Structure formats: C-alpha cells, structure tokens
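Residue numbers (the working numbering): 4 to 304.
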C-alpha cells in the first residue's frame, strides 16, 4: 500500500499510510541536523495488522468503555468486548483496521476520510470522519472532523509511539517529560476511571516539572490545565542525547501517557475514558447534524 510523504522546508517530513490513517514515519532533524524517524514504524501493512494500535487513528471511541455498553437518550447500546469485559479503542475492528480514502493531498498535507456505517462495532449512526495531517514548518498538525446522522458518542485520537533518539530506538525512559496537568483520573483494576479527579502531587504521575519518564509503566489519563476547546499546551518531551524536543498542543481536555511498548511512549490527546458512564467528565456525545472538531499539534522545538 502506497504511503504519501508530506514535508516542509525546515526538514520535517511525515509518511502517511491509508491503512488506519497511520503516521508511518515522522522524520525530524536533531541538534546536528541529522534527520531520523522518531516514531515506531513497520515496513509494510502486515506489521501494522500484527501490532495493533501503532501510530494510527483510533475510533470511534478511544480508550475504554466499561462493560462494553453505554446509554444514550434512554437506549442502551451494546459494543463488542475486546479488553476483558470492556471495549477498548472502538472495538476489535476499530478505525485502525480500516483503509481510509485519500481525499486530498498537497506537498505539505493530506486529508483522509472514512465513513463508519450505522451499527459498526455497535455504535449508532452513520459517522463521516476526516483527518488532515499537515506539516507546518516545525510541526505536524492533526485536524479531526466528524458528523453523524444520529446521536452518538465520539472520542478520536492518534496512537503514535515516539522515541526522540530516532531509529533504531534506544530506551526512552530517560527522556525528560513535562505534562501540564495537576490532576489525573484514578482507575480501578481494569483501568476504568472511578469518575474522580485526583491530584498528581506526591504520586508517580507528577510531571508538572520536567523529569525522566523512568521505567514505570504508565497507562494514565491526565486532566490538562487548559481551557477546553482552545488549543493549549499539553506536554513537552525532550531527549538529552539528540537534543530533539517535542511540544504537544491540543484542544482536547485530556492526554493519555502510555509506555507499554518497550523503548517508546505515547502521548494520546483525547477525552477521558468511559465518559458515557461519568456525568462529571466532559461529554463525548455528538448530536445528529452537529460537527465534531479537534486539533492536536506535535511541534519540534
């Protein structure tokens, strides 16, 4: 399957694969001007089919939904359980398994589209989704858009794994990470949120000041210190060896730090897991005829 390469004059470039709307390569200069791929990549589609959720679009609902069901307007919708008794990342045949349509392309951007039919993976309504990847000088900008013909729920993200040293990747545990969040969402033994917000102070989740990611395993949602629906700073990661630094900006209220792939880390901007079951969380309901918009920017500084 053919990849589309987009680039800027600054040396930043990306390769986009229609399968899963995947960032199949992100090429960034280091402090000496040497350019390397800083994301986990596979040479062909078979690699992405074997290793799920790598550098791809996640939907219809990123992260977990408890008990593989949710209620909307008095009706219960049953989803396939693919994470114990819960639904993870939209189900076993989520957006990462779909071949997206290349709708538009230019030297610096691509627009991919996918139509999710009514009832796919149990979700109501026919959902039309578009993702635009654009290189803007020193940044990769991701724009998400969605519309549905029925009331539904939507939570979209990208599951890119980073190692700022480049490839072949060394251990990323000594990357310095700062997350602009004073709170996180505690979870139970199945990684389902309790519905509370807890302070990061005195915990392993306190990244308010830059510190090494460390070998600790993270699969944690942070409540970002920012105004919802406005593009704001979520995190900064830096590699002391190469000098590469990544700044993450988003319009989303949360960000998941995931370190489950050895040598890599993911910073997934999104709404909170299991939001349909927690009225205190920002809503993920998309009403019929309304438009979902979300932006995330990966800037290299």
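For every residue, glycine included, the Cβ atom is placed at its ideal position computed from N, Cα and C. Predicted model only: the values in this text are computed from it and were never measured.
- When secondary structure is reduced to three states using DSSP, residue 279 falls in the helix class.
- The secondary-structure analysis by DSSP pairs residue 182 across a beta bridge with 238.
- Looking from the CA of residue 155, the closest CA among 294, 49, 139 and 21 belongs to 294.
- When secondary structure is reduced to three states using DSSP, residue 201 falls in the strand class.
- Judged by DSSP in its simplified three-state form, residue 298 adopts strand.
- Residue range 78 to 81 is occupied by the beta strand (DSSP E) that includes residue 78.
- From the listed residues 159, 263 and 186, the smallest Cα separation to residue 227 is found for 186.
- For residue 150, the enclosing beta strand (DSSP E) covers residues 142 to 151.
- Between residue 257 and residue 274, the CB-CB gap stays under 8 Å.
- The DSSP-derived three-state label of residue 221 is coil.
- Short of 7 Å from the beta carbon of residue 201, and not among the five residues preceding or following it, lie these beta carbons of its own chain, in chain order: 186, 187 and 189.
- Between the C-alpha atoms of residue 182 and residue 216 there is a straight-line separation of about 11 Å.
- Taking 8 Å as the cut-off, the Cβ atoms of residue 51 and residue 42 do not count as close.
- Taking a C-beta distance under 8 Å as the contact criterion, residue 175 and residue 267 qualify as a contact pair.
- The beta carbon of residue 88 sits closer than 7 Å to the beta carbons of 70 and 71 from its chain, once the five residues preceding and following it are set aside; these are given in chain order.
- Between residue 221 and residue 164, the CB-CB gap reaches or exceeds 8 Å.
- Partner residues in the beta bridge of residue 137, as assigned by DSSP, are 112 and 144.
- With a beta-carbon spacing of about 35 Å, residue 247 and residue 96 fall beyond the 8 Å limit used to define contacts.
- Counting the other Cβ atoms within 10 Å of the Cβ of residue 300 gives 16 or more, which makes it buried.
- In the displayed model, residue 18 falls within a strand according to three-state DSSP.
- Secondary structure at residue 86: strand, using DSSP grouped into helix, strand and coil.
- In the DSSP assignment, residue 53 falls within the alpha helix (DSSP H) that extends over 48 to 53.
- Residue environment for residue 240: buried (at least 16 other C-beta atoms within 10 angstroms of its C-beta).
- Within the same chain, and ignoring the five residues on either side of residue 83 in sequence, the residues whose Cβ sits closer than 7 Å to its Cβ are 71, 90, 94, 95, 124 and 125.
- Spatial neighbours of residue 20 in its own chain (CB-CB distance under 6 Å, excluding positions within 5 residues in sequence) are listed in chain order as 6 and 27.
- In this structure, 207 is the residue among 259, 65, 207 and 85 with its C-alpha nearest to the C-alpha of residue 218.
- In the DSSP assignment, the residues bridged to residue 214 are 180.
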